[in-house]
Structure formats: C-alpha cells, structure tokens
Amino acid sequence: MEKSKKLLSELKGLDFKNMYNDDFLLTWEKTDDEISAVHKVADILRDLRENNVSTKLFDSGLAISLFRDQSTRTRFSFASACNLLGLEVQDLDEGKSQIAHGETVRETANMISFMADVIGIRDDMYIGKGNTYMKEVSKSVVEGHKDGVLEQRPTLVNLQCDIDHPTQSMSDMLHIINEFGGVENLKGKKIAMTWAYSPSYGKPLSVPQGIVGLMTRFGMDVVLAHPEGYEIMSDVEDVAEKNAASTGGSFVKTNSMAEAFKDADIVYPKSWAPFKAMEERTELYGNGDFDGIKALEQELLAQNANHKDWECTEELMASTKDGKALYMHCLPADITGVSCEEGEVEASVFDRYRVPLYKEASYKPYIIAAMMFLSKTKDPVAMIEKLMAKGTERFQG
Amino acid sequence: MEKSKKLLSELKGLDFKNMYNDDFLLTWEKTDDEISAVHKVADILRDLRENNVSTKLFDSGLAISLFRDQSTRTRFSFASACNLLGLEVQDLDEGKSQIAHGETVRETANMISFMADVIGIRDDMYIGKGNTYMKEVSKSVVEGHKDGVLEQRPTLVNLQCDIDHPTQSMSDMLHIINEFGGVENLKGKKIAMTWAYSPSYGKPLSVPQGIVGLMTRFGMDVVLAHPEGYEIMSDVEDVAEKNAASTGGSFVKTNSMAEAFKDADIVYPKSWAPFKAMEERTELYGNGDFDGIKALEQELLAQNANHKDWECTEELMASTKDGKALYMHCLPADITGVSCEEGEVEASVFDRYRVPLYKEASYKPYIIAAMMFLSKTKDPVAMIEKLMAKGTERFQG
Amino acid sequence: MEKSKKLLSELKGLDFKNMYNDDFLLTWEKTDDEISAVHKVADILRDLRENNVSTKLFDSGLAISLFRDQSTRTRFSFASACNLLGLEVQDLDEGKSQIAHGETVRETANMISFMADVIGIRDDMYIGKGNTYMKEVSKSVVEGHKDGVLEQRPTLVNLQCDIDHPTQSMSDMLHIINEFGGVENLKGKKIAMTWAYSPSYGKPLSVPQGIVGLMTRFGMDVVLAHPEGYEIMSDVEDVAEKNAASTGGSFVKTNSMAEAFKDADIVYPKSWAPFKAMEERTELYGNGDFDGIKALEQELLAQNANHKDWECTEELMASTKDGKALYMHCLPADITGVSCEEGEVEASVFDRYRVPLYKEASYKPYIIAAMMFLSKTKDPVAMIEKLMAKGTERFQG
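Chains as they are written, first to last, in the numbering used here: chain A, 109 to 505; chain B, 109 to 505; chain C, 109 to 505.
Structural data, given as structure tokens:
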C-alpha cells in the first residue's frame, strides 16, 4: 500500500473541507483542490481494494438510485461504489409523472430518505430539467434534515444530467492522469473533443460538455470540434473559456475534425445531438407534441447523415502526435462494421485501444465512491488512515 | 442514549413473550402490552440509530417482499427496516396468477424461504383476499419449518391488507404518542377519522379501518365520519366498539364532517371507497367482468363527486380544539389546487402541517423494524442491552 | 457441528484444487472428486447455518445475475447463496438484443464486473446458444482480469443452459445421497428419468440431460424413458454412456414408461420438448420467423397430447421397488386436477412426496454457495476450519 501512503500525503495538502455534507453536481462548482481530492481518494480506494483492505464505512444504510433513463453501466458503477462503502442500493422506479414537480418532489425526496445516506440521480433527457430536478431534491432533503424529519442529510451524486456528467468526466480525467503519469504532465497537451457520426439520434450533450468543462482546468489545449449546427450549451462554452484563461491553457472551437486531430495527444470522438434541437425536443415533449418529436427525430437523423465523414479513422489517428494519441470514449461506441454499418470509429482503431478504453471505464465506481467518501466523512484523511491501520480483509479467502 | 434507557426500563414491565416467532397481521390480534412494546422498541431503534449505534442483528439473511400492488413508500420503509437489522430484501415479483391458490401458495412460500427470516406482504386490492393470503403463506412456512424444509420459521409482517394496515396505524399512533407526550395523555382526546373527497377512485379501506381498530384502545373518543354509503367493514366497527367499551373511550359514527371536527384534538381526513362497492368489485374481478368493473368505477367517481364538500378546510380546522388539532394523513394527500383541482385538503392546511406529516411518515421504518425485532429475538430486552453495551458504530465516519 | 467435522475430514481426502478460480458450467467437465467436494461443502455450509455460524467470506463484493428467462426459484436460490457468503446480487436486465454477440458480450461482461466476484447466468432458451454465451462471458472476464481491467476474475456459475442444469442436478443428487445414506449406497440402484405429459410446451431439456449426465457416474442403473420423437441431445447420451461404462452402472433408453418404473428405486417423471424441435425453433427464431414458431408450437402441443398416458400414477408407483420409489421433480410440477386438468403426476402421488420434494429443492442454495466457495477460496478446508473456529453468529438473537 505504498501507493496509498503517497497519495494520502498528497491529499493532506489539499483543501476539500467544503465537500463535507455537500452534493456533487457540476465539476465547475468544485475547486481544483476538490477535484484533485476526488482523484486521489479514488486511487486510494482502488489501491486498498487491490490490497484486499475493506473500505466499508457503513455498517448499515441505504443509497437511493433514481434513474429516469435506462442504464446499465452507470447503474453497475453506482451499485459497486455503494457496496464498496457498505451502503445498500434501493432503486426508485416511479413513472415520470409521479415525481414531476414541486410538492411531489419534496415529499417523495423525504419519503425515500429516512435511512438514505446518499442519493444518485441520472436525469439527462430534457434540457433545463435534470440539473434543476437534482437541486430541488437536494433542497428538499436539506430542509427535511433541518426539520428533524431525516436523521441524516443524504448527499447527492449527479450520475448524469442535461448539463454535466461529472462521474464520467472525472473518470476520464483520472484515466488521463494515470496514462500521462500525473496531472502535472498535462500542461500544454492537446485534447480533441470531437463530434463523430452515429446512425442513432439524440445522444446526450452531457459528455462533451462535461469534458470541455473539466479538461480546460489543467492547462491543456482543448479543442471542441463539430459540424456546423452541432453546438453545445453556450453556458458550458463560457465555463471552458474562463477555465482556459485562468490556467494558461486554451479552448478553441472548430468545424474541422482534421484540425482537431492534428498533433493531438488525446482524442475523444463521440456523437451528440445539437443543443438547439434538444431544446426544441424538450419543448415539444412539454407540449405533448409526439408527432413533432417524431418529425424532429427524422430531421436530425437526416442531418447526421450529412456528416458520415466525421469518423475516427486510422488516417486521422496517424495525424495525431506521433500517430499515437490516446483514443477515448465513454462507451458503448458505434464501431463501423461491428455495431453498425457506419459509425464513430473504425474497427481497427477501437480494437487497438480496447484495453485502455476498458480501463478508462473501470475508474467510474471509484470516482463515485470517492465523491461519496468525501461528502459523508468528516475527516477523510483520518478515516483512510484508520481503514489502513485496521486492515479488515474484504475477502477472507 | 438516556432516552433508550428510560424506554428500556418501561419495556421490561411489559409482557410480549408471545410475539416471539409470531406474525404481525392485525393490531387487534395483539395485546395492549404487545402494541406498547412495538412502540417502545421502535423509539429505541430510532434513538440508537440517531446515536450512531448499529442495530444489525443479522450477519446474513433475507427478507422477502411481496407487493401485489405498486408501492414506493411502504417498499422503502420495509427496505430501510430490513437494512437496519441486517437483512437483505429480495423482491418476489410474480404475476398475480402465478401465486394464486392452494398448492401454489404453499409451494412458492417454501421455495422462496429457504434463507428467509422475514416475509413482508402488501395485498390490499381485493376484499376477503389479502389477509387470507397472508394466513395461507404463514401456515405454509410454519409447516415447512416443522417438516425440516426451512431451517428457520420466517415471520410475516402485514404491509397492508384488505382489513388492516398495521404498520401505518402503528406509525400514526407513535406520532400521536410523541406529539402528546405519552400514551397516558391520550385518555379523553377526540380523534376524527373522516372521509374526504378525492377525484380518484377506490382508495383502500385499510387505513380508516386500521385507525378506528387501533385508536379506540387508548381511551380516546374516536369519531368515524363519512357520507352515507361510505361504510367501512362492519367487523372492524365491531372491534372498535368493543375496544372503546373496555377502555373507557368511545366510538361514534356520523355522516357530518363538521360534527367530527368540532373540538377534535386530532383529525385524519382521507378518502376511501365504500366497502360494499369494493366487495362488488372483488366479485366482478373474480368473474373476469372487466366491463362491469369499468361501469362500477364510473359510478363510484360520480358518487364521490356528490361529496366535494368533504374537504379539510381552514374553516373546519378552526372549529377543532383551540383551532389547533393535529392534522394527519398517510400521504400522499390530494391537495386542492396542488395535486388536483379539488381534493381532500386545502393547500394552506397541508402546508402548515407538512413537517409533522413527514415526521408521522418517518416512524414507519422503525415500526416495521420493531415488529421484526420482537418477532425474531428471543429476549428483546437482553438484546437491546447487548447492542447498547457493544455500541458498534453504524457509520465509522 | 459434529456433522461438519466428519464432512470436513472426508473433504480433506479429495482433490479439487483445479476448481480454484474456475467456472462451474457442466457437471461432466468436473472430476468425481470435484463433484463430491461440492456436495460435502454444501452439506457443511448447511450444517454451519443450522448451527448459527456465519459463513460470510466477503465483507463487500458483488454477484451479477443474468437471467435471460423469467425465474423465481433459481433467482431466490442464487440470491440466498450469495447472501450466505456476503455478496450482494446485482441483476443485469438488458434486452436480449443488447447483449447479443461478440464485441458487445466482451464489453458488457467487463463493464459489469469491476467489482464482481461471481457471475450467475441462466440462458436455456435456444439450442447452441446458452452454454456458448457463458463461455464467451467467461473468456471475456478472464481476459479483462489479465489485462488489468478487472481486479479480480469473476467466476461463473451455470444457473441453467441449453445443455446442462448443474445446480439442479447437483441438488437432486445431494437429496438422493442424503435419502440413501451416502453416495456409496447408490451402486446398483435404478433411477428412471422419464418424460411425462404436460399441457404446456417447450420445457427445457437441461433437466433430463443434467440428470442422465450426472447420475450415470455413481454406478446406478439409469433409464431414460420417453415417447418416440422426444429424444434428448445425443452428445449428452454419449456422456451418459461413457459414464456408465466406467463406473459399472448402466444407461438404457426405452420408449416405455412402465419399463422404466418397474422396480425403480428413484423416479423422475417430467416433461420436456424434443431436442430436434428445439433446434428447429432456434433456427426459426434466428430467422425472425415468428409465424413459423407459432406453427411449431401448435404442432408440439398436438404431439404432446398423443402421450397423455405418460403420467406418474399410483399404479405406476406401485410397480416400483417395494412400491416405494423416491419420487423426484425439479418443481413446479404439472399436477393432474390441481395445476392442470391432465398433467405429469397424479395429485395423491405428489401429495405423498411433498415434503421430500421441498427438501430436494432446499439443497439448491447450498449447492450454488458450495460451487462459489470452492471457486473463490484458495484453501477451502482451511477456510472452513477458520469459520468454525471463529464461530461468528449469523443471528445474534
């Protein structure tokens, strides 16, 4: 556990006391020290588990999961994280109408939280809704705790909203940190977050937004590339610009995939839906205009089809730094000739990067666990020391 | 934990030995001491949790939940209670037909219970069915245990049946006890269990039945109010009358909401379906007469609409004892202008009582846990003393 | 715990070291010592639980269940086994299309396994698919572990495939061993695995195949009886023949139920679908020919109806050894006049054997737990000794 000891000494130098009893909703609401603390604690939790040391903080307690969208990977990551800390997941599976607004949100949030230490929410379908909903739930349980209804204040983890996907971007970041041998080595590195063609429609914006909102904080040269008309939320572009300005990095937009890939150290080619279209879709949904939604869908699929040349090919990969940029994806990818006829990435590129891609994904349970650890534990450093000293075996055999 | 010590010394004076290895199906099948023991253990479990003392009795073991009706609140309360004691919930989610009758009930009950310590059942949809089904499951697992099929005898908790809703009424009762500073202060207090208008149809009778069946035991003046035609099960009225007679309280029926509210210390305005109509519905269901069910539904909605004046208004609240009766509801309530156009309660009344209402609900997990605790533990007093002496932390952080 | 001590000393004489870190897919891939080790560990785990000794090996960790077919009994058995060892079950509930082939299997298998110690799969619907899929998942996670993606190598338990149903046949076997007072008493005993009429269609072949593939290993005289046209997979018949030849038992096929029952010590009358028809069905399914599937279904139901005389009657039971053969079934059975008009077994026969049938089923959680125990634990004997010495109570009360 030398690794953990080193990380722990680094953790001691960081200021993350405001994370205690707080939610994790958007990465740009957190300080650099707090971001760094999550990464260090995630790596420590992983190292402890690899050394068969139990990190079960809770003897009993629930973690509520609320997925308003089908999910396998995030669900399993959340379940793994909760289990690692000793919380049992209880899924809330109400119809959308039941947990809609105001009174209902407040009441349901309290009714499910009597023994809840954590609430994980995924709500990324409608622009302007997901993050708003999370804040409403948070406000409700804070009040419930203050009023003596809830014995503990459940803290929230954003498992993907309309604005950000912090557990994804933080896992991606940790992958990059570990691939490049430390966050200090990222200064001046070029990362291309680029749109790519997919035969499916309406992929969430939270991944590209999360990436440009986070990666611009470490002095990297971040390029956001997409065809005209595939703009992301402008608020997040503003965040990215401010980040870049204050860390000596840069944030550049382009409509050329080739330009983005040129000499890039890292590439992240992935499909998403245009922000404007998603706004329109949300309005149609609000009006119950399902014919309108279908028409919009056809329009978007046709629009996508104009950009089939936005594919991560071997040729493009060859144009990156030494032809060896780190290829990233949140998975599952649309692989040309494998999962679809024409997609985001050539099969040979995907194949070559399969192991790093899987590793990238493997950080997510630890990122989620770290967010919960820092939010629930009053003195995380002392707690880690205690867990290491105790050395309870995760598996006796 | 002074509170727990006081409660424990009170618990020592009660006789509840027959609860060991027994089910909890109807409150009127339990003695006053047994009812009181549940309340005291519930308060102790809550106090221990608030003091971060683990009450995990089970190192491993399953609790089976069987909901024949959609449920969020009761499901979460049951899950919380099981988690608090160390049991893992496993949901049985068979189609209704599959667990219908006789042989099938006996077999399924045994097949799911090899490692089950507790079975929680909610089955409130059809008159004459829910409680009967619970008794059949209980008989099956008792036999299975006797025959050496099951290593332990799983005990049942009624999470709502056609007759009673004991985990609700017991939570309501504990709320009242704590609001009025002790069960000894309830003598002579007036509680109004009254029907109220709801735009929805077929709400279960188990809540009003559970309330009059339980609250009449403590010397209170219990008034049951509803429009003509909204009678509850007459068997339960008999129980209420007998209770009242033997405790020096009273049980009065009226068709006037105003009369019920007048000088009441506690009001519980809530919609329910007429018992006769529910019997008819059960028969239609049994005959597979779905057109008949639809027709009955329309009829009942029309009948409800004749009684929109049965609403808990500020005016009515002003007529209660000092204008300050404790307003109660099992939630969710139909709030006029909030969750529906016209409903059970005016928004301003509901708003004023939100915190007590949420607290009322917060007792349910502890009531369920107390029922299980008293049914599984041979010597509950000794066990509580052991847990307090050990003082294992629920949360290390 | 004298029983456990005796079993433990027997376990010490067996060679099962190759089970460590390996899957359990088909019984005939395991040596006699390995089969025996599973039975002994299952009996030990049961004895320890009966003596309130915790066998929780895992402080945290997940077990993934993947059921491609509705299941109650196996699901509860798996959940019980996992809970007994300290693993939390997480269900993977993807649509069939999503976990179809190649890349997707590899990726999903890894994505859900970051903290998975065990994966249980039931996939018995299509000939040539289930077992193949399990091997693909296994290969994927072995690679994932080798590549450093997964910290542990999740081991697989076959909860029923198209070829074998090892957790069923091993439970059946343990039931027989315990009923006959030891595996050494089975030599020369006659067991009749026979087809029986059912009004339903397409029951899986894995039960009869599992039975003849396993029971032929212990010197028993195994008779497989079915009407013409109800042949099982010929590969499994080959296994049964080879087994019989090497253990001094026999494997005989017949088209007469009476011949099979004559002087039998054990009878296992149960419906199944013809292997050829199931192959055809799989092809129709692969071609998306749903009309063809419906036509085949009608054909098979008509074919079944020609063999209503294949019923386990009192008369047939009277022809068995002393009229007292052990009647077995994997449950649920089609009981004439109870669960259907005409079925696999007369009600009075079933009634008489209800308790042994339930006991037969009660072994399954322990068999599954034993398979996991032997696959996860480096030194199972030492681990059992450790658990016995520690004597942690499963239930404190």
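Using N, Cα and C, we set each Cβ at its ideal position, and we do this for glycine too.
Quiz item: Mind checking C:A171: buried by the 16 CB within 10 Å criterion, or exposed?
Solution: Mapped onto the third sequence, residue 171 of chain C falls at position 63. Label assigned to C:A171: buried.
Exercise. Report yes or no: is there a C-beta of chain A within less than 9 Å of the C-beta of C:M491?
Key: For the purposes of this step, residue 491 of chain C is taken as the residue at position 383 of the third sequence. Yes, contact with chain A.
Practice problem: Identify the contact partners of C:R502 in chain B, using a Cβ-Cβ distance below 9 Å as the criterion. | Solution: The residue labelled residue 502 of chain C in the question sits at position 394 within the third sequence. For C:R502, the chain B residues whose C-beta falls within less than 9 Å of its own C-beta are F166, D167, S168, G169, listed in chain order.
Exercise. Tell me where the alpha helix (DSSP H) around C:D442 begins and ends.
Key: If you number the third sequence from 1, residue 442 of chain C lands on position 334. C:D442 -> no alpha helix (DSSP H), and no H or E assigned at all.
Quiz item: Are the C-beta atoms of B:E49 and some chain C residue less than 9 Å apart?
Solution: Residue 49 of chain B cannot be examined here, being either before or after the span of chain B that is shown, 109 to 505.
Practice problem: Please name the residue in C:V375, C:Q260, C:I284 whose C-alpha comes closest to that of C:M301. | Solution: One-based indexing of the third sequence puts residue 301 of chain C at position 193. Comparing Cα positions, the closest option is C:V375.
Quiz item: Any Cβ of chain C within less than 9 Å of the Cβ of A:G194?
Solution: Counted from its first residue, the first sequence places residue 194 of chain A at position 86. For A:G194, the answer is yes, since a Cβ of chain C falls inside 9 Å of its Cβ.
Quiz prompt | Bridge-paired residues (DSSP) for C:N266 | solution = Looking up residue 266 of chain C in the third sequence gives position 158. Answer is C:I229.
Self-check item: Interfacial residues, the stretch 111-135 of chain B to chain C, with Cβ spacing under 7 Å
Solution: The residues in question: there are none.
Quiz item: Residues in its own chain within less than 8 Å of A:S379 by CB, not counting five upstream and five downstream?
Solution: The residue you call residue 379 of chain A lines up with position 271 of the first sequence. Excluding residues within five positions, the ones whose Cβ falls inside 8 Å are W303, A304, Y305, S306, S308, K311, N412, D442, E452.
Quiz item: Does any CB atom of chain A fall closer than 9 Å to the CB of B:E158?
Solution: Taking the second sequence and counting its residues from 1, one reaches residue 158 of chain B at position 50. With 9 Å as the cut-off, B:E158 counts as an interface residue toward chain A.
Practice problem: For A:A490, name the three-state secondary structure that DSSP assigns. | Solution: Position 382 of the first sequence, counted from the start, is the residue given in the question as residue 490 of chain A. Helix.
Exercise. Return helix, strand or coil for C:D117, following the three-state DSSP convention.
Key: On the third sequence, position 9 is the one that residue 117 of chain C refers to. First, the amino acid is wrong: residue 117 of chain C is Ser here, not Asp. In the three-state reduction of the DSSP assignment, C:S117 falls in the helix class.
Quiz item: B:E137: buried (16+ other C-beta within 10 angstroms of its C-beta) or exposed?
Solution: Locating residue 137 of chain B in the second sequence gives position 29, counting from the first residue. Exposed, by the Cβ-count rule.
Quiz item: chain C partners of B:D255, CB-CB under 9 Å?
Solution: Within the second sequence, numbered from 1, the residue matching residue 255 of chain B stands at position 147. Within 9 Å Cβ-Cβ: R462, V463, Y466, K467.
Self-check item: C:K297 - DSSP class collapsed to helix/strand/coil
Solution: The residue given as residue 297 of chain C occupies position 189 in the third sequence. Coil.
Quiz item: Mapping DSSP to helix, strand and coil, what is B:L122?
Solution: The residue labelled residue 122 of chain B in the question sits at position 14 within the second sequence. B:L122 falls in the coil class under three-state DSSP.
Practice problem: Given a cut-off of 9 Å, decide if B:D255 and B:Y241 are closer than it, judged by their beta-carbon atoms. | Solution: As a first step, residue 241 of chain B must be located in the second sequence, where it is residue number 133. As a first step, residue 255 of chain B must be located in the second sequence, where it is residue number 147. In this structure, B:D255 does not lie closer than 9 Å to B:Y241 by Cβ.
Self-check item: Below-9 Å beta-carbon distance, A:P473 vs any chain C residue
Solution: The residue given as residue 473 of chain A occupies position 365 in the first sequence. Among the CB atoms of chain C, one or more fall inside 9 Å of the CB of A:P473.
Quiz prompt | Unbroken beta strand (DSSP E) run spanning C:L170, endpoints | solution = The residue labelled residue 170 of chain C in the question sits at position 62 within the third sequence. 170-175 is the span of the beta strand (DSSP E), which, as asked, contains C:L170.
Quiz item: chain B partners of A:F222, CB-CB under 7 Å?
Solution: The residue given as residue 222 of chain A occupies position 114 in the first sequence. Result: S188, S470, P473.
Exercise. For B:F184, return the contacting residues in chain A, with the cut-off set at a CB-CB distance below 9 Å.
Key: Sequence index remark: in the second sequence, residue 184 of chain B carries index 76 (1-based). One finds L170, I172, Q198, L200, M219, I220, S221, F222, M223, A224 in chain A with Cβ atoms closer than 9 Å to the Cβ of B:F184, taken in chain order.
Quiz item: Comparing the C-beta of C:G252 with each C-beta of chain A, is any distance below 9 Å?
Solution: The count along the third sequence starts at 1 and reaches residue 252 of chain C at position 144. True, the Cβ-Cβ gap to chain A drops below 9 Å.
Quiz item: When we look at the beta-carbon of B:K204 and count the other beta-carbons within 10 Å, is it buried (16 or more) or exposed?
Solution: Translated into the one-based positions of the second sequence, residue 204 of chain B becomes position 96. Residue placement at B:K204 cannot be trusted, given a pLDDT of 41 that sits under 50; what the coordinates show is reported in the next sentence. Its Cβ having fewer than 16 others within 10 Å, B:K204 is exposed.
Practice problem: Return no unless some Cβ of chain B is closer than 9 Å to the Cβ of C:K429. | Solution: Along the third sequence, one-based indexing puts residue 429 of chain C at 321. Judged by the 9 Å Cβ criterion, C:K429 is not in contact with chain B.
Practice problem: Evaluate the contact criterion for the stretch 413-423 of chain B versus the stretch 349-361 of chain B: three or more CB pairs, one atom per stretch, below 8 Å. | Solution: Result no; under three Cβ-Cβ pairs closer than 8 Å.
Exercise. Answer yes or no: does any C-beta atom of chain C fall closer than 9 Å to that of A:R230?
Key: Position 122 of the first sequence holds residue 230 of chain A. Judged by the 9 Å Cβ criterion, A:R230 is not in contact with chain C.
Quiz item: Helix, strand or coil for A:W303 per DSSP?
Solution: Locating residue 303 of chain A in the first sequence gives position 195, where the first residue counts as 1. Looking at A:W303 - three-state DSSP - the assignment turns out to be strand.
Quiz item: Do C:V265 and C:I229 have their C-beta atoms closer together than 9 Å?
Solution: Taking the third sequence and counting its residues from 1, the one referred to as residue 265 of chain C is at position 157. Taking the third sequence and counting its residues from 1, the one referred to as residue 229 of chain C is at position 121. For the pair C:V265 and C:I229, the CB atoms are nearer than the 9 Å cut-off.
Quiz item: When Cβ atoms are compared, which residues of the stretch 409-440 of chain B fall closer than 9 Å to chain A?
Solution: The stretch 409-440 of chain B vs chain A, Cβ under 9 Å: L439, P440.
Practice problem: Please compile the residues from chain A whose C-beta is within a distance smaller than 8 Å of the C-beta of B:G451. | Solution: Residue 451 of chain B sits at position 343 when you count from the first residue of the second sequence. Here the premise fails: no neighbours, minimum Cβ distance about 12 Å.
Quiz item: Which chain C residues are close to A:S162, counting only those with a beta carbon under 8 Å from its beta carbon?
Solution: In the first sequence, counting from the first residue as 1, residue 162 of chain A sits at position 54. Within chain C, the residues near A:S162 are D167, S168.
Exercise. State yes or no: is the C-beta of B:R502 within less than 9 Å of the C-beta of B:V161?
Key: Taking the second sequence and counting its residues from 1, the one referred to as residue 502 of chain B is at position 394. Taking the second sequence and counting its residues from 1, the one referred to as residue 161 of chain B is at position 53. The answer is yes: Cβ separation under 9 Å.
Practice problem: Output yes if chain A places a C-beta closer than 9 Å to the C-beta of C:L322; else output no. | Solution: Counted from its first residue, the third sequence places residue 322 of chain C at position 214. No, no contact with chain A.
Quiz item: For B:I207, does the count of other Cβ atoms within 10 angstroms reach 16, so buried, or fall short, so exposed?
Solution: Position 99 of the second sequence, counted from the first residue, corresponds to residue 207 of chain B. Low confidence applies here, because B:I207 scores a pLDDT of 45, under 50, leaving its location unreliable and the question unanswered by this model.
Quiz item: If you measure from the beta carbon of C:K237 to each beta carbon in chain F, is any gap under 9 Å?
Solution: Of the chains in the structure shown, none is chain F; the protein chains are A, B and C.
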